[in-house]
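Beneath this line is the structure, given in C-alpha cells, with notes to follow.
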Amino acid sequence: MVGGGLLGMTLAHRLAQRGHAVTLLEAADSLGGLAAPWRLGDVTWDRHYHVTLASDARLRALLRELDLDDDLRWVRTKTGYYAGPGRLYPLNDALDFLRLPALSPLGKARLALTILYGSRIRDGVRLESVPVTDWLRRWSGRSTYDRLWLPLLRAKLGDNAEAASAAFVWATIQRLYAARRTGLKEEQFGYVPGGGYARTLATFEALLVAEGVEVRTSTAVRKVACAKQLSGHGLRVVTDDGDLDVDACVVTLAAPLAARVCEGLADDERERLNGVRYQGIVCASLLLRRPLQPYYLTYLTDPAAPFTAVVEMTALVDPAELGGHGLVYLPKYVTPDDPLFEATDEELRAAWMPYLMAMHPDLAEDDVLAFQVSRVRHVMAVATLDYSAHLPPMRTSVPGLHLASSAHIVNGTLNVDETVALAERAVAVIDP
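Under the working numbering, residues 8 to 439 are what the sequence shown spells out, in order.
Printed below as a string of C-alpha cells:
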C-alpha cells in the first residue's frame, strides 16, 4: 500500500480484515496525510481544518470500530459572510439571507431556488456536461452570480473555475443538505476530544499494527514496476530504504504523482492521470491568545481578500482543548504551480495579517502566538467537464497494480467521510 493517509489506512484495515498481509508505506514521518496533526506553539491539533458531520455515516462507522464515536462532542456552529471592510454578516438562516445587502430581493429568491433545486437532484452525473458558470447564471441570475457565486468560485477554484462542471457546486449543496436526507432536523459538527485527529490516527495506527499491518513511515516510494525476475507475476516497489517485492500494490497518491511513480501503464492510462486538474492549498494556522469570532466559517467575497476563508476552529472546539487559546485557519486554494508555494511563513504573515486585522480591528499582532503554514500541491481534483468519462479506472493494465486516490471521488466533495466511502468501494475492486 503506497500512501498512509486516511484512504491508505482504511484500505489497509479492510484488506487485513480479509486476511491479506499488508505493508503500508508513507513518505512522511507519521500517518494521516491531510488529516495529520502538528504542533503549533504549545498546542497539538490538526494541520488542516476538519469536522465530522452528524450525517457522516461512513466515517462514524469507522470511528465506532475505533471506539471513538461515542466520544464525539457535538456543536451547532455559525457561519459568516464578509464582503469588505466593515461588512461582516451572519449567514445561518433564512432571515440572515434576507438581510444580505449585496443581493436584491429577486436575487435572494433566485439564490434560494438554486440551492433548493440543487438539493433535489439525486444524480450529479448529468451535470458533468454543464459548465458550472452557465448553470449558476441560469438559475441564480447574472447579478447574484457576479456578486456571490463568482467570488466564491474564484476563491475555491481560481482559474479552474472556468473548467469546472456544475457537478462541483451540486456536490457542495448535497453535503449541506446531508442532515435533512438522514432525517436530522439540522446538521451538527463534531470532533474527537483529546487531540482531534491526533488521537484518531494514533488509535487507528494501533489497530492496524494489532491486525498485522506492517507500517513503514519516512519511506518514500520512487517506483512501482513489474518484477520481471519473479515467476510470471509480481511487482517491485522501489523505495529509498530498498526494494519490496509484492503480489499486488495499491497506489493512493494524487493522479499525476501516481503517473510518475507507476511504470508500465498504458499511454491512455498515463494520459488520463496527467489530465486530472488539481487545486492545492496554502493554509496558515494561527494560535491566538483568545478566540477571534463566533463563526466557524466565514466566506469571503471581497476580491481583495488574500485568502479563501476564515475558519475559527475554536467556534467548534472547546478552547480548553487548546490551552484556552484560539485556533484559526486561513486557507488559500491555488493551482499546484502557484508562486505562493515558494513564499516563506514570514512573507505570508506580512501579506495576510493586515487583512485579517482589518476584518477584526480588535486583533493585534501580539495576539498571535504562532503562525505556521502548511503547503500541499495536490489536494482536490477539480470536477471538470465530463469528469467521470476521463477518469482512469482503479484496476490498471499492469497485473496486480491498482490506483485509488481522491481523484476517484466522483460527484462528491473532498472530506473524510467521502474518503472512507472511497476506500470501501476500492476494496471491492481490489479484492472482489
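We put the CB at the ideal spot given by N, CA and C, even for glycine.
Nearest to residue i (by Cα), restricted to the options the options
i	options	result
residue 322	298, 312, 328	298
residue 278	270, 266, 286, 287	266
residue 41	68, 11, 21	11
residue 27	327, 218, 414, 261	218
residue 437	327, 95, 405	405
residue 313	433, 175, 165, 209	165
residue 93	332, 20, 365, 241	365
residue 280	270, 269, 273, 263	263
residue 53	9, 328, 270	328
residue 21	296, 124, 72	72
residue 95	151, 300, 428	300
residue 70	216, 209, 273	209
residue 178	272, 129, 243	129
residue 149	124, 111, 173, 57	111
residue 272	173, 409, 74	409
Cβ pair residue i, residue j closer than 9 Å
i	j	result
residue 250	residue 226	no
residue 126	residue 184	yes
residue 97	residue 302	yes
residue 435	residue 418	no
residue 232	residue 245	yes
residue 120	residue 142	no
residue 411	residue 32	no
residue 311	residue 362	yes
residue 413	residue 261	yes
residue 259	residue 8	yes
residue 355	residue 380	yes
residue 51	residue 423	no
residue 420	residue 182	yes
residue 204	residue 39	yes
residue 370	residue 295	yes
Residue i versus residue j - alpha carbon distance
i	j	result
residue 211	residue 15	12 Å
residue 255	residue 275	21 Å
residue 133	residue 180	16 Å
residue 238	residue 407	Model confidence at residue 238 stands at a pLDDT of 48, short of 50, so the residue's coordinates are unreliable; what they give is reported in the following sentence. Cα to Cα, the separation comes out at about 14 Å.
residue 431	residue 372	46 Å
residue 13	residue 113	44 Å
residue 84	residue 330	21 Å
residue 403	residue 102	52 Å
residue 353	residue 359	10 Å
residue 439	residue 416	20 Å
residue 351	residue 400	38 Å
residue 382	residue 367	25 Å
residue 325	residue 107	30 Å
residue 309	residue 99	19 Å
residue 175	residue 160	10 Å
residue 213	residue 86	36 Å
residue 307	residue 163	10 Å
residue 104	residue 131	26 Å
residue 230	residue 433	22 Å
residue 320	residue 268	36 Å
residue 46	residue 55	12 Å
residue 82	residue 195	6 Å
residue 257	residue 429	13 Å
residue 216	residue 68	20 Å
residue 241	residue 234	6 Å
residue 398	residue 49	43 Å
residue 357	residue 151	33 Å
residue 243	residue 284	29 Å
residue 57	residue 425	13 Å
residue 25	residue 122	42 Å
residue 118	residue 388	26 Å
residue 144	residue 384	30 Å
residue 74	residue 270	40 Å
residue 124	residue 427	28 Å
residue 173	residue 228	36 Å
8 Å contact criterion, which residue i and residue j should meet: CB distance rounded
i	j	result
residue 287	residue 386	5 Å
residue 116	residue 90	That pair is no contact at about 19 Å.
residue 35	residue 29	That pair is no contact at about 18 Å.
Proximity test, residue i beta-carbon vs the ligand MG heavy atom, cut-off 8 Å
i	result
residue 40	This structure simply doesn't include the ligand MG, nor any ligand for that matter.
Are the stretch 388-403 and the stretch 144-158 touching by the rule of at least three beta carbon pairs closer than 8 Å? Output reads no: the stretch 144-158 does not touch the stretch 388-403.
Three CB pairs or more closer than 8 Å across the stretch 327-337 and the stretch 288-304: These segments touch.
Whether or not the stretch 131-141 and the stretch 167-180 are in contact is what I'm after, with contact meaning three or more pairs of Cβ atoms, one per stretch, closer than 8 Å; do they touch? As far as the Cβ criterion goes, the stretch 167-180 touches the stretch 131-141, which means the pair count is three or higher.
Could you tell me whether the stretch 208-223 touches the stretch 372-385, where touching means 3 or more Cβ pairs closer than 8 Å? Verdict: no, contact absent.
Pair every Cβ in the stretch 56-68 with every Cβ in the stretch 341-350, then say whether three or more of these pairs are closer than 8 Å. Verdict: no, contact absent.
Three or more C-beta pairs closer than 8 Å, one from the stretch 195-214 and one from the stretch 76-84: is that the case here? The answer is yes - the stretch 76-84 touches the stretch 195-214, with three or more Cβ pairs under 8 Å.
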